[in-house]
Amino acid sequence: MAKLVIITDDRRAEYELQEVNTIGRHPDNTIQILDRIISKEHCAITKENGTFVLRDLGSMNGTFVNSVRVDTAPLKDGDEVSMGSTRLVFYDRKTTDTSVLSRVTIAPGMVDSHIRTRLEGEKERRFVPADQVTDLAQLRRDYEKLRIAHELNQAVGLEPDVDKLLTRILDETFKLLPANRGVILLVDPDTQELVPRAIKQKGSADENIILSTTIINEVVQNKAAVLTSDAMVDSRFSGAHSIIMQGIRSTMCVPMIHHDELMGIVHLDSRIATNAFSDKDLQILTGVASQAAQALDNAYKARQIERNALARRDFERLLPAEIVEQIVAGQVQLVRGGELRETTLLFSDIRGFTAWSEKHEPQYIVGVLNEYFELMVDVIYKHHGTLDKFMGDGIMALFGAPLSHGDDAFNAVHCSLEMMQVLKDYNAARSTKGEEPVVIGIGLNTGPVIAGYMGSSKSMEYTAIGDHVNLAARLCAVAEPGQILFPQETLSKVKGRVDVKALPPVQVKGKRHPIPIYEVMGLSATPLAQAEGAGEWMEVTGVGGNPYRGKR
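Pasting the structure below:
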């Protein structure tokens, strides 16, 4: 976004530039400036082939870009335009890419011990009540801090994007101070090293910037601001090659500190004049850095809130609400590669789905599946299950991963019974519309599995793998419509609380010997027949023409 910032003795205004912009005293101009030395139609700024070009419109006193009078000049980010007694700054903010930041390097000095004294930055002081103020100079300094804080807060707001925030901070800093180059470096949380994150230059935008290790170490180690009136002759930095190589005349480098934590540094320098920066400039930059640290902390917190919201949204699609809260709070770690956990696996599958789907339009099939999945997932979550995945018309759920609720096998069995009951109610509603009932078979199994995030670095899912997973899937495949099957491993976890019926052992793929299996008939306190009410068992035709057990 390109804009023009107008700075006069009594005000500051920003204008977002359009394709064509005229500047002058007359109110018909796009930007009106009430300066008696400026002509009625003084100059124009137009966008040509992606570049904004300034043209003087024959003004009496001329138009200057970076102190040079021009008739026509392309504008670059940070250029200063002056006309009459008014100063304007052109900004064309573009996202700083890594190739730009790669031009910033930190070069070691020849001998760090050349720093013989510490340049202390002004210690942060608390504001005292008005009736306790006795030092007028301190009052002025405090007012300056408040003014800078207010203007910076107005400019950066609550920007959550760190790169945009840093760019805005440098833009505002250049309005306040006569710098030619500026760099913000942040502390990398992993390596604790300073990394360039934002850069701003006047003049040539492609020159390399070499920062002095000598100066930066002074700031980092002592958390103190450094001001050099002439870095080339300052004895403290006489061994710093990077200063000598670049002919830097003046430098300011201040720490960004929030709650006594160093978050980064702001580095400004000038190659134009000796004594380019004053003590007051150092005070201003220290105030800017303090506000920048606060704004950066706010951005980090806002980004964390956004990440938490996105994580919560994603997790809510496969986990119950109480588990989601624990994951977001950091109480549960979903480690890529998985962990060994005892888990009860639940597989369900619609019987006769393939034959049924051949008789209906895809839109209708999707609608029925969505209704069915909505009902089943609600039941799974109700019983503390984790939705692993949908597999066509099938469902895979985990009980005990990523969190165990202490009675996971029983929760899985209870969930299976309620899934059948909810499905019965759903089919009753479908029958009133003359639609076939949806019937399913369920397979359960309990045992140690590897559960966690698995997949590539670009695409992962939370799932479980292992022999016990395979057996649960095999039992689902052999379950007849309306049946809930599990093997001895699950029975041992729920024995005495669930009514079961022993069935002939079945031979499943991957097993040498037949597996003893059991059909769940209901909870011991409320057997399935009692829970569903009295009625005569009968054969009911479901989707695909397959029969299943149901009540009249």
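Quick note on my numbering: the sequence shown kicks off at 48 and runs consecutively. Just so it is clear, CB atoms sit at the ideal spot from N, CA and C, and this is done for glycine as well.
- Counting only runs of 3+ residues, the beta strand (DSSP E) found wholly inside the region 492-579 occupies 507-512, 531-534, 545-553, 562-570, in chain order.
- Closest option to D237, judged by alpha-carbon separation, among A272, M310, L274: M310.
- Here S404 is buried. Its C-beta has 16 or more other C-beta atoms within 10 Å.
- If you ignore the 5 residues before and after S463, its C-beta comes within less than 7 Å of the C-beta of L393, I489, L491, I531, V567, all in its own chain and listed in chain order.
- Beta-bridge analysis with DSSP links A120 to L101.
- Measuring C-alpha to C-alpha distances from G439 to each of D454, H461, V424, V413 identifies V413 as the nearest.
- Inter-residue distance for S86 and N96 is about 28 Å (C-alpha atoms, whole angstroms).
- Beta bridge pairing from DSSP links E95 with T98.
- Per DSSP, reduced to three states, the secondary structure at F446 is strand.
- For K211, the closest C-alpha among the options T260, M303, A346, I304 is that of A346.
- Around the beta-carbon of L122, 16 or more other beta-carbon atoms lie within 10 Å, marking it buried.
- When the five nearest sequence neighbours on each side are left out, the beta carbons in the same chain lying within less than 7 Å of the beta carbon of T98 are those of P121, in order along the chain.
- For K211, the enclosing alpha helix (DSSP H) starts and ends at 209-223.
- In the DSSP assignment, K50 forms a beta bridge with E63, Y138.
- Contact check for H305 and A340: beta-carbon distance about 4 Å, within the 8 Å limit, so the pair qualifies.
- Under the 10 Å beta carbon count, L332 is surrounded by 16 or more other beta carbons and is classified as buried.
- Assigned with DSSP and collapsed to three states, E482 falls in coil, not helix or strand.
- Around the CB of R350, fewer than 16 other CB atoms lie within 10 Å, so the residue is classed as exposed.
- Approximately 15 Å separates the beta-carbon atoms of L51 and F111; this is outside 8 Å, ruling out the contact.
- Taken through DSSP and simplified to helix, strand or coil, K270 comes out as coil.
- For the pair A498 and A448, the CB atoms are nearer than the 8 Å cut-off.
- Apart from sequence neighbours up to five positions away, the residues of its chain that approach V516 with a beta-carbon distance below 7 Å are L392, V496, ordered along the chain.
- In the three-state reduction of the DSSP assignment, A226 falls in the coil class.
- Going by C-alpha positions, V555 is about 55 Å away from Q239.
- For R244, the three-state secondary structure derived from DSSP is strand.
- In the DSSP annotation of this structure, the continuous segment of the alpha helix (DSSP H) that includes V424 starts and ends at 409-429.
- If you look at S297, you'll find it in the beta strand (DSSP E) that goes 297-305.
- For L81, the secondary structure class from DSSP, reduced to helix, strand or coil, is coil.
- Spatial neighbours of G453 in its own chain (CB-CB distance under 6 Å, excluding positions within 5 residues in sequence) are not present.
- Going by beta carbons, C300 and V335 fall outside the 8 Å limit.
- In the structure shown, N68 falls within a strand segment according to DSSP collapsed to helix, strand and coil.
- Selection K94, G105, V100, A49 evaluated against G71 yields G105 as nearest (Cα-Cα).
- Across the structure, I487 and E527 are spaced so that their CA atoms are roughly 8 Å apart.
- Secondary structure at G109: coil, using DSSP grouped into helix, strand and coil.
- In this structure, L538 keeps its C-beta atom at 8 Å or more from the C-beta atom of Y500.
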